[in-house]
Amino acid sequence: MTIKAQTTGNYFNLVLVNNSNYTTIVNIQGTDKIDSVLSKESKRLHFELEKDFISFNLNLRTTDVSASSYQGKTIRVLNKLKSKLITVTGENEPVYDLTKSEKIISEYKPQLRTKNFWKLDTVINKNSNDIAAAEIIYLSLCDIDIKVDTIQKYFNKLSPKIKSSEFGERIINYLKARSQLTIGNIIDNISLPDTAGRVIQLNNIKSRYILLDFWFSRCGPCIKSFPELQELYSKTDRNNFEIVGISIDQLGEKELWKNTIYKNSLSWLNINDSKSITARKFAIVNYPTKILLDKNRKVILVDTDNSYEDFYLQIKKLVAQQ
Numbered sequence: 000m001t002i003k004a005q006t007t008g009n010y011f012n013l014v015l016v017n018n019s020n021y022t023t024i025v026n027i028q029g030t031d032k033i034d035s036v037l038s039k040e041s042k043r044l045h046f047e048l049e050k051d052f053i054s055f056n057l058n059l060r061t062t063d064v065s066a067s068s069y070q071g072k073t074i075r076v077l078n079k080l081k082s083k084l085i086t087v088t089g090e091n092e093p094v095y096d097l098t099k100s101e102k103i104i105s106e107y108k109p110q111l112r113t114k115n116f117w118k119l120d121t122v123i124n125k126n127s128n129d130i131a132a133a134e135i136i137y138l139s140l141c142d143i144d145i146k147v148d149t150i151q152k153y154f155n156k157l158s159p160k161i162k163s164s165e166f167g168e169r170i171i172n173y174l175k176a177r178s179q180l181t182i183g184n185i186i187d188n189i190s191l192p193d194t195a196g197r198v199i200q201l202n203n204i205k206s207r208y209i210l211l212d213f214w215f216s217r218c219g220p221c222i223k224s225f226p227e228l229q230e231l232y233s234k235t236d237r238n239n240f241e242i243v244g245i246s247i248d249q250l251g252e253k254e255l256w257k258n259t260i261y262k263n264s265l266s267w268l269n270i271n272d273s274k275s276i277t278a279r280k281f282a283i284v285n286y287p288t289k290i291l292l293d294k295n296r297k298v299i300l301v302d303t304d305n306s307y308e309d310f311y312l313q314i315k316k317l318v319a320q321q
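In terms of numbering that gives the first Met the number 0, the sequence shown has 8 at position 9, counting the first letter as 1, and numbering is strictly consecutive.
Now the structure itself:
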């Protein structure tokens, strides 16, 4: 598969040659911008980007889950690339010529995957006046979802010029958004449609505790977490505890979302954040993310990567208290 990509202003254009035996779905992550390219087809795609899309993930997915060659392939695109020829072959990483800033990011990326953050100090100190340093911090947010205070520490190392850059502004906005999930903070009302199109208001739910579960249908860890949620839900009454599943499945995947709910017997409230507006408001980048609120929408517990070992135990203890 080859992709000739170019950005012009707020437009992202690409010519995709699909030499695989399967239809490939092309999507700009976190948006409803999606298209498909048939097997052996060459197709020109044209996406209009939001003004703040200075960097984004281009997702490639085959329609046949047994076709592992391109399943789940993600290419990070810097929205200043002008023109780029990208080749994707099997399980290999996308191959293309790198700019100076992209080389810095490429060299550091394996550290992100293995969470070896001890090298981050060296990389940022060495490149504190390069936009790559800011993108590395931003990559850290999106790929790993490390703690806010750690992000702030690394952000403080950047030069004033880079702090005020586009990536610098995105990091600042991330930190502001993430601060809303600080324990004890009261979040704003959430208003989103359910499977029937009825708008559900968070502030109308009167349970003592409300668990927000951010997920999407193609998220393996999200699906794996459902049985434990179901057990918790079945052993509590609605006066004490309610779950609100907030899916980021896009408008074109509404049937997939509804089928996932039906297949997994998700009997709690399910609403759809199809444009990820609510997810972005809280800077949610890992899925599933679970947020426990009290009846006043005050944040009690947060689990952003399924690593909070006692998360459900803590909920059970809280709900059991009278």
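Built from N, CA and C at the ideal position, the CB exists for glycine as well.
Helix, strand or coil at residue i according to DSSP, with G and I counted as helix
{"i": "TYR173", "result": "helix"}
{"i": "GLN249", "result": "coil"}
{"i": "PRO192", "result": "strand"}
{"i": "ILE270", "result": "strand"}
{"i": "LEU300", "result": "strand"}
{"i": "ARG207", "result": "coil"}
{"i": "ASP236", "result": "coil"}
{"i": "LYS160", "result": "helix"}
{"i": "LEU265", "result": "coil"}
Extent of the continuous alpha helix (DSSP H) to which residue i belongs
{"i": "ILE260", "result": "253–262"}
{"i": "ILE222", "result": "219–233"}
{"i": "LYS334", "result": "This structure leaves residue 334 out entirely; the chain is present only between 0 and 321."}
{"i": "ASN12", "result": "Counting along the chain, ASN12 falls outside any alpha helix (DSSP H), though it belongs to the beta strand (DSSP E) covering 10–16."}
{"i": "ASN124", "result": "119–125"}
{"i": "ILE277", "result": "For clarity, residue 277 is Thr in the given sequence; the question names Ile instead. Start and end: 276–280."}
{"i": "VAL147", "result": "147–154"}
{"i": "ILE314", "result": "310–319"}
Supposed close pair residue i, residue j - CB separation, criterion 8 Å
{"i": "TRP214", "j": "SER190", "result": "About 19 Å; that fails the 8 Å criterion."}
{"i": "ILE290", "j": "LEU180", "result": "6 Å"}
{"i": "SER19", "j": "THR61", "result": "7 Å"}
{"i": "PHE11", "j": "ALA176", "result": "PHE11 to ALA176, Cβ: 24 Å. No contact."}
Member of the options whose CA lies at the smallest distance from the CA of residue i
{"i": "ASN271", "options": "ASP212, GLU47 and GLU168", "result": "ASP212"}
{"i": "LYS262", "options": "LEU37, LYS175, PHE225 and TYR21", "result": "PHE225"}
{"i": "ARG169", "options": "ARG207, TRP267 and GLN151", "result": "GLN151"}
{"i": "GLY251", "options": "ASN18, ILE33 and VAL25", "result": "ILE33"}
{"i": "ASN128", "options": "ILE182, TYR137, LYS156 and ILE260", "result": "LYS156"}
{"i": "ASN269", "options": "CYS221, PRO159 and ASP193", "result": "ASP193"}
{"i": "LEU292", "options": "GLU241, ILE222 and LYS42", "result": "GLU241"}
{"i": "ILE27", "options": "LYS315, LYS274 and THR288", "result": "LYS274"}
{"i": "TYR173", "options": "ALA133, ARG197 and GLY196", "result": "ALA133"}
{"i": "ILE329", "options": "THR288, VAL284, LEU59 and LEU312", "result": "No statement about residue 329 is possible, as the shown extent of the chain runs from 0 to 321 and does not include it."}
{"i": "SER206", "options": "VAL318, ILE135, LEU13 and GLU40", "result": "VAL318"}
{"i": "TRP267", "options": "GLU230, TYR153 and GLU40", "result": "GLU230"}
Limits of the beta strand (DSSP E) - the one that residue i falls within
{"i": "ILE199", "result": "198–200"}
{"i": "ARG43", "result": "41–47"}
{"i": "THR23", "result": "23–27"}
{"i": "SER35", "result": "33–36"}
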